[in-house]
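Numbering (the working numbering), first residue to last: 97 to 352.
So the structure is just underneath, and the comments pick up after that.
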Ligand SMILES: O=C(O)C(=O)CO
C-alpha cells in the first residue's frame with residue numbers, strides 16, 4: 097500500500113519544495129499538488145530529484161479566483177483562456193515529470209457547457225498525448241462546490257465514453273463520490289479500469305481518513321485486493337500540524 101501526499105492541503109504552510117521534502121521525511125511514496133504555478137518548475141523539479149519522489153499530478157489553473165472561478169474548461173466563450181490553462185499545465189507537468197493533469201471544468205451547466213468541456217478535453221488529450229500525460233476529470237461534490245459542472249462519476253463516464261480519448265481518465269476522489277453518490281465498493285470495482293488516480297479524506301469533514309462515515313482501512317484493503325497498487329492520494333485538511341495528522345498512515349502501514 098502506497099500513499100501520495102496532496103500538497104494542496106498537507107504542509108500548506110510551507111513552500112512547495114519544502115512541502116515535498118516534508119512529505120519525504122514523513123514516509124510518503126509520492127506527492128501531488130493543486131496549482132503550483134507561482135513556484136518555478138525548476139525548483140519543484142530539483143526538490144523531486146533530491147527526494148526521489150514523483151509528482152503524480154496537478155490541476156489546471158482555476159481562472160479568476162477573486163471573482164469565484166473554479167476552472168475554465170466548461171465555460172462557453174472562455175475557450176482561449178481554458179486552452180492557455182491547459183498549455184500551461186502541460187508545460188509545467190512535462191518539466192517536473194508529472195504524469196497526470198486534472199482539467200478543471202468550472203461552474204456551468206447545460207448542453208452548451210457539455211459541448212465546450214468535450215471540445216476542451218479533446219484539445220487537452222491531444223496536446224498531452226505526445227508527453228505521455230494522462231488527462232483526469234474529477235467530479236466535485238455540490239456541497240463544497242455548488243454549481244460545479246462535473247459532479248458525478250456517472251456524468252464523468254458519459255464524457256469519457258463520448259470523447260473516447262485513450263489518455264482521458266477519472267480522478268476517483270472517494271470523499272466527493274461518497275457525498276454525491278455513495279456505493280463506493282461497487283463504484284470502485286466498476287470504475288477502476290477507467291480511473292487514473294484515487295484520492296481520499298474522511299466524510300463529511302474532509303479530515304484524516306481515520307474518522308467519519310467511510311472505513312478507509314476497508315477501502316484501502318479493497319483496492320489492494322483489486323490489484324490497484326498506485327499511490328493513493330491523501331487529499332485531506334489537517335487540523336493543526338500535518339505531522340500530527342499522520343497517525344492513520346503509521347497504523348495502516350503497520351497493519352498491512
Ligand atoms: O477539491 C478537489 O478535490 C480538487 O482537486 C479541486 O481543488
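Every residue gets a Cβ at the ideal spot worked out from N, C-alpha and C, and that includes glycine.
Quick one: what's got a C-beta closer than 6 Å to residue i's C-beta in the same chain, skipping five residues either side?
{"i": "residue 309", "result": "299"}
{"i": "residue 306", "result": "344"}
{"i": "residue 303", "result": "332"}
{"i": "residue 129", "result": "103, 104, 154"}
{"i": "residue 238", "result": "247"}
CB residue i to CB residue j, shorter than 8 Å?
{"i": "residue 271", "j": "residue 297", "result": "yes"}
{"i": "residue 151", "j": "residue 182", "result": "no"}
{"i": "residue 267", "j": "residue 292", "result": "yes"}
{"i": "residue 318", "j": "residue 328", "result": "no"}
{"i": "residue 348", "j": "residue 311", "result": "no"}
{"i": "residue 159", "j": "residue 202", "result": "yes"}
{"i": "residue 231", "j": "residue 280", "result": "no"}
{"i": "residue 215", "j": "residue 171", "result": "no"}
{"i": "residue 275", "j": "residue 217", "result": "no"}
Excluding the five sequence neighbours on either side, which residues of its own chain have a C-beta within less than 7 Å of the C-beta of residue i, listed in chain order?
{"i": "residue 185", "result": "154, 156, 197"}
{"i": "residue 137", "result": "188, 191, 192"}
Mind checking whether the beta-carbon of residue i lies closer than 7 Å to any heavy atom of ligand 1?
{"i": "residue 331", "result": "yes"}
{"i": "residue 269", "result": "yes"}
{"i": "residue 236", "result": "yes"}
{"i": "residue 155", "result": "yes"}
{"i": "residue 130", "result": "yes"}
{"i": "residue 293", "result": "no"}
{"i": "residue 210", "result": "no"}
{"i": "residue 198", "result": "yes"}
Measuring alpha carbon to alpha carbon, tell me which residue in the options is nearest residue i.
{"i": "residue 178", "options": "349, 141, 219", "result": "219"}
{"i": "residue 226", "options": "195, 168, 256", "result": "195"}
{"i": "residue 131", "options": "200, 174, 164, 144", "result": "200"}
{"i": "residue 336", "options": "98, 106, 100", "result": "106"}
{"i": "residue 98", "options": "110, 115, 120", "result": "120"}
{"i": "residue 115", "options": "211, 339, 254, 224", "result": "339"}
{"i": "residue 235", "options": "261, 315, 168, 277", "result": "277"}
{"i": "residue 213", "options": "224, 240, 167", "result": "167"}
{"i": "residue 273", "options": "112, 175, 342, 249", "result": "249"}
{"i": "residue 255", "options": "126, 145, 228, 290", "result": "290"}
Can you determine whether any heavy atom of ligand 3 sits closer than 7 Å to the C-beta of residue i, and answer yes or no?
{"i": "residue 272", "result": "With respect to ligand 3, the structure offers nothing, as its ligand set consists of ligand 1."}
Original post:
What are the complete beta strand (DSSP E) segments, minimum 3 residues, inside the stretch 165-203?
Top reply: 196-198
Subject >> Completely contained beta strand (DSSP E) runs for the stretch 233-281, where each covers 3 or more residues >> reply: The DSSP assignment places complete beta strand (DSSP E) segments of no fewer than 3 residues inside the stretch 233-281 at 264-269, in order along the chain.
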